[in-house]
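K.L.:
Dropping the structure in here first, questions after.
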Amino acid sequence: MKPRRTPKPTDAELSILRVLWERGPSTVRQVWERLHPVQGTGYTTVLKLMQIMAEKGLVRRDEASRSHVYEATASEEQVQRQVIGHLLDRLFSGSAQRLVLQALSTKKASRAELAEIRKLLDKMEGESK
Numbered sequence: 002m003k004p005r006r007t008p009k010p011t012d013a014e015l016s017i018l019r020v021l022w023e024r025g026p027s028t029v030r031q032v033w034e035r036l037h038p039v040q041g042t043g044y045t046t047v048l049k050l051m052q053i054m055a056e057k058g059l060v061r062r063d064e065a066s067r068s069h070v071y072e073a074t075a076s077e078e079q080v081q082r083q084v085i086g087h088l089l090d091r092l093f094s095g096s097a098q099r100l101v102l103q104a105l106s107t108k109k110a111s112r113a114e115l116a117e118i119r120k121l122l123d124k125m126e127g128e129s130k
């Protein structure tokens with residue numbers, strides 16, 4: 002039996018996860034205080050989303066204190082890999098080359114980003130020898 006994978010988060014869920022990755026474990030109010038000025042999201046909307054995210058397994062809820070504290074169940078990198086894997090399969094028929102070429106042609110990469118990409122490619126080439 003395959004291990005159960007965490008569902009792919011929606012855009013609204015990703016906004017909440019970004020706050021949790023940045024702040025660490027947080028209450029609904031703390032997350033809402035970060036999101037409201039930028040997105041105008043209501044408190045009850047954030048609360049409901051975080052409850053749904055707990056049911057889906059995207060966050061875990063610590064109910065030990067009066068204000069429940071939520072934390073992401075997966076790291077930002079794990080979620081990025083999952084979403085990219087999904088995108089790679091769905092849109093690029095599994096071709097990493099097509100995904101990378103499209104990404105680089107869509108938005109210009111900085112010199113520092115290109116240097117990191119070269120470093121990663123060199124490392125991958127070294128490992129395949």
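In my numbering, each number is its position in the sequence shown, counted from 1, plus 1. Backbone N, C-alpha and C define an ideal beta-carbon position, used for all residues, glycine too.
1. Quick check on the DSSP output: the beta strand (DSSP E) that includes ALA73 runs from which residue to which?
2. Thinking THR7 and GLN83 are a contact (beta carbons under 8 Å), I'd like their distance in whole angstroms, please.
3. Where does the unbroken beta strand (DSSP E) through ARG62 begin, and where does it stop?
4. Inspect the beta-carbon positions of TYR71 and PRO10 and report whether they are closer than 8 Å.
5. Starting from ARG99, trace the alpha helix (DSSP H) both ways and give me its first and last residue.
6. Within this structure, are the beta carbons of LEU18 and LEU48 separated by less than 8 Å?
7. Is the beta carbon of LEU50 closer than 8 Å to that of GLU14?
8. Can you pull the DSSP bridge partners for THR46?
9. Can you tell me the Cα-Cα spacing of GLU34 and ASP90, whole angstroms?
10. Using a 10 Å radius around the Cβ and a threshold of 16 neighbouring Cβ atoms, would you call ALA116 buried or exposed?
11. For GLN31, tell me which candidate among GLU56, SER96, ALA110 and HIS69 has the shortest Cα-Cα distance.
12. Closest to THR42 by CA distance: which of SER16, THR107 and LEU122 is it?
P.N.:
This is what the structure holds:
1. Taking the first residue of the sequence shown as position 1, residue 73 is located at position 72. From DSSP, the beta strand (DSSP E) with ALA73 extends over 70-73.
2. On the sequence shown, residue 7 is found 6 positions in, with the first residue counted as 1. On the sequence shown, residue 83 is found 82 positions in, with the first residue counted as 1. Taking a contact as a CB-CB distance under 8 Å, the pair THR7 and GLN83 counts as one, their CB atoms being some 7 Å apart.
3. The count along the sequence shown starts at 1 and reaches residue 62 at position 61. First-last of the beta strand (DSSP E) with ARG62: 60-63.
4. By one-based count along the sequence shown, residue 71 stands at place 70. By one-based count along the sequence shown, residue 10 stands at place 9. Contact: no.
5. Taking the sequence shown and counting its residues from 1, one reaches residue 99 at position 98. Looking at the DSSP string, the run of the alpha helix (DSSP H) that includes ARG99 is 97-107.
6. Your numbering for residue 18 matches position 17 in the sequence shown. Your numbering for residue 48 matches position 47 in the sequence shown. Taking 8 Å as the cut-off, the Cβ atoms of LEU18 and LEU48 do not count as close.
7. Position 13 of the sequence shown, counting from 1, holds the residue named residue 14. Position 49 of the sequence shown, counting from 1, holds the residue named residue 50. Result yes, Cβ atoms of GLU14 and LEU50 sit closer than 8 Å.
8. Stepping through the sequence shown from its first residue, residue 46 is reached at position 45. THR46 has no beta-bridge partner at all, per DSSP.
9. Stepping through the sequence shown from its first residue, residue 34 is reached at position 33. Stepping through the sequence shown from its first residue, residue 90 is reached at position 89. The alpha-carbon of GLU34 is positioned some 36 Å away from that of ASP90.
10. For this step, residue 116 is matched to residue 115 along the sequence shown. Per the 10 Å Cβ criterion, exposed.
11. Indexing the sequence shown from 1 puts residue 31 at position 30. With distances taken between CA atoms, GLN31 lies nearest to HIS69 out of GLU56, SER96, ALA110 and HIS69.
12. Here the question's residue 42 lines up with position 41 in the sequence shown. Out of SER16, THR107 and LEU122, SER16 has the C-alpha closest to the C-alpha of THR42.
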